[in-house]
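Here's the structure, in structure tokens; my notes come after.
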Amino acid sequence: MFDNVFVVEHPLVQHKLTYLRDKNTSSANFRRLVTEISTLMCYEATRDLPLTETEIETPITSMKAKIIAGRKLAFVPVLRAGLGMCEGVLSLIPAAKVGHIGLQRDHETFEPMSYYCKLPPDISERDVIVLDPMLATGGSAVFAVDTIKKHNPKSIKFMCIIASPEGIARLSSTHSDVKIFCASVDERLNEKAYIVPGLGDAGDRIFGTD
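Numbering (my numbering), first residue to last: 904 to 1113.
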């Protein structure tokens, strides 16, 4: 395993992931589980945010208390499946800006093709967390990070729910400075570049499409 990979093994995450994988889980419950898992994973992905002290008044007395030290964050979901993770992370950090990168996979080459990109104008001043439920071949992840790096952000992290060894290797070898947060590293990719055992097509299951 690469040093930049962090698997969130919290019991709540693993419990919810089991139901997320189940083919009998409805789209409504699938969306809810993606939101809940994303919230819990965001807690881990932001563990290294620096703190500073401020003076406040409690109902009893004054005190020095800790707050985040002015770090600006941006979430960039990879469309369309990454949208399913936005609600969960924004529930923790509502002041973060949100960008979007639209990619679709060529079903013959399995490589990403871009159809949309809109990033916050001040992204160079922000720490960025890229959101995509699946890190499969790694092509979309590398493309998204390549795109964001052209705008010189402070830092980039990649947060997914399930990753393949192949995807981790590709993203890590191309962008070794990007920390990867996931809930599981699965066995492999199949001949159609789907993660095994995986959970199927995350976008279709989130939005109820085929």
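Ideal placement from N, C-alpha and C gives every residue a C-beta, glycine not left out.
Cutoff 8 angstroms; reference residue i; Cβ partners in own chain excluding five residues on either side
{"i": "His1054", "result": "Leu1022, Ile1026, Ser1027"}
{"i": "Thr942", "result": "Gly991, Val992, Ser994, Leu995"}
{"i": "Arg1073", "result": "Thr1040, Gly1041, Gly1042, Ala1044, Val1045"}
{"i": "Ser1017", "result": "Ile1004, Gly1005, Leu1006, Phe1046, Thr1050"}
Burial state of residue i, where buried means 16 or more other Cβ atoms lie within 10 Å
{"i": "Arg950", "result": "exposed"}
{"i": "Asp1009", "result": "exposed"}
{"i": "Phe905", "result": "exposed"}
{"i": "His1078", "result": "buried"}
{"i": "Gly1117", "result": "Here the chain has residues from 904 to 1113 only, and residue 1117 is not among them."}
{"i": "Lys1082", "result": "buried"}
{"i": "Gly987", "result": "buried"}
{"i": "Asp1080", "result": "exposed"}
{"i": "Met966", "result": "exposed"}
{"i": "Ala1086", "result": "buried"}
{"i": "Gly1070", "result": "buried"}
{"i": "Met1062", "result": "buried"}
Contact under 8 angstroms by Cβ, residue i with residue j
{"i": "Glu956", "j": "Lys969", "result": "yes"}
{"i": "Leu1092", "j": "Ala1039", "result": "yes"}
{"i": "Lys1060", "j": "Ala977", "result": "no"}
{"i": "Ala984", "j": "Gly1101", "result": "no"}
{"i": "Ser1058", "j": "Val1033", "result": "no"}
{"i": "Asn907", "j": "Ser1075", "result": "yes"}
Residue i - containing beta strand (DSSP E), residue span
{"i": "Asp880", "result": "Since the first residue shown for the chain is 904 and the last is 1113, residue 880 is missing from the structure and cannot be characterised."}
{"i": "Ser1017", "result": "1015-1021"}
{"i": "Pro980", "result": "976-982"}
{"i": "Ser941", "result": "No beta strand (DSSP E) holds Ser941; the alpha helix (DSSP H) holding it covers 930-948."}
{"i": "Thr1050", "result": "It is not in any beta strand (DSSP E) - Thr1050 instead sits in the alpha helix (DSSP H) that spans 1042-1052."}
{"i": "Gly973", "result": "Here Gly973 belongs to no beta strand (DSSP E), and DSSP marks it neither H nor E."}
{"i": "His1003", "result": "1003-1008"}
{"i": "Lys1060", "result": "1058-1062"}
Cβ-Cβ separation, residue j to residue i (assumed contact under 8 angstroms), whole Å
{"i": "Ile1065", "j": "Ile1098", "result": "6 angstroms"}
{"i": "Pro997", "j": "Ala972", "result": "Rounded, the Cβ-Cβ distance is 18 angstroms, inconsistent with contact."}
{"i": "Arg974", "j": "Lys1000", "result": "In fact, because the Cβ distance is near 12 angstroms, the residues do not count as touching under 8 angstroms."}
{"i": "Ile1004", "j": "Val979", "result": "6 angstroms"}
{"i": "Ser1067", "j": "Asp1089", "result": "6 angstroms"}
Close beta carbons around residue i, own chain, < 7 angstroms, minus the five adjacent residues each side
{"i": "Leu915", "result": "Leu943"}
{"i": "Lys919", "result": "Leu936, Glu939, Ile940"}
{"i": "Phe933", "result": "Leu923, Arg1108, Ile1109"}
Residue i: first and last residue of the uninterrupted alpha helix (DSSP H) it sits in
{"i": "Ile1071", "result": "1068-1077"}
{"i": "Glu958", "result": "Not the alpha helix (DSSP H): Glu958 falls in the beta strand (DSSP E), residues 954-960."}
{"i": "Phe1110", "result": "1105-1110"}
{"i": "Cys989", "result": "989-995"}
{"i": "Lys919", "result": "914-924"}
CB contact below 8 angstroms: residue i versus chain E
{"i": "Phe1084", "result": "In the displayed structure, chain E is absent; only one protein chain is listed."}
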